[in-house]
Amino acid sequence: MTTTGRRRLSWVLVLLFLVMPLVELFVLIQVGQVIGVWWTILLLVADSIFGAWLMRREGSRAWSALTTALSSGKLPSNEIADGALILLGGALMLSPGFVTDIFGIVLILPFTRPFFRRILATLVQKRLVTAAMPSTFGAGARPRNDDIVTGEVIDKDNLA
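Per this note's numbering, residue 38 is the first one in the sequence shown, and the count goes up by one each step.
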């Protein structure tokens, strides 16, 4: 990943962690004003219970699909992506708030997951291609040394 890409990702994460709680708080206040505080709390608890149930159900299905793919010798890329999306969706569902719950449900549901699986595959593929490309700079870069020293290796053990 380039420095610009890292910087952009850092800003996205900062905005996500600063803006998302404010959006969640705004939505909670609006819902609380419309249906009442106790109904809002009850809805949040029910939503979390539903999310835990859905995550368990879809997680079990993804696990069995993964074991089936592995036992048949197939590369389980879709199954691994499904597991990652279910895990992320479950984490979003268990966090308090309606906005994150909506994102979590969308990631967990089996008929919306293929769309996000393609997005995840594209992101991973770009990341792998970037990581595999040789670079003259970066962590693996070595300084070029144009001095060529000719010589001969002498093995001390085999001297006669």
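All C-beta atoms in this analysis are idealised placements derived from N, C-alpha and C, irrespective of residue type, glycine included.
Annotation for Val60: Val136 place their beta carbon closer than 6 Å to its own, counting only its chain and skipping 5 residues before and after. Leaving aside the five residues that flank Ala106 on each side, the residues in its chain whose CB is nearer than 6 Å to its CB run, in chain order, Pro113 and Glu116.
Note on geometry: alpha-carbon atoms of Leu165 and Leu131 lie some 31 Å from one another. Boundaries of the alpha helix (DSSP H) around Phe140: Phe135 to Ile145. In terms of Cβ geometry, Gly134 and Val71 do not form a close pair [threshold 9 Å].
By the neighbour-count criterion, in which a residue is buried when 16 or more other Cβ atoms sit within 10 angstroms of its Cβ, Arg150 is buried.
Assignment of Asp192 by DSSP, reduced to helix, strand and coil, places it in the coil class.
Bounds of the alpha helix (DSSP H) holding Ser114 are Ser114 to Leu131. Using a 10 angstroms sphere on the CB of Ala118, the tally of other CB atoms reaches 16 or more, which defines it as buried. With the rule of 3 Cβ pairs closer than 8 Å, the stretch 154 to 163 does not count as touching the stretch 81 to 93.
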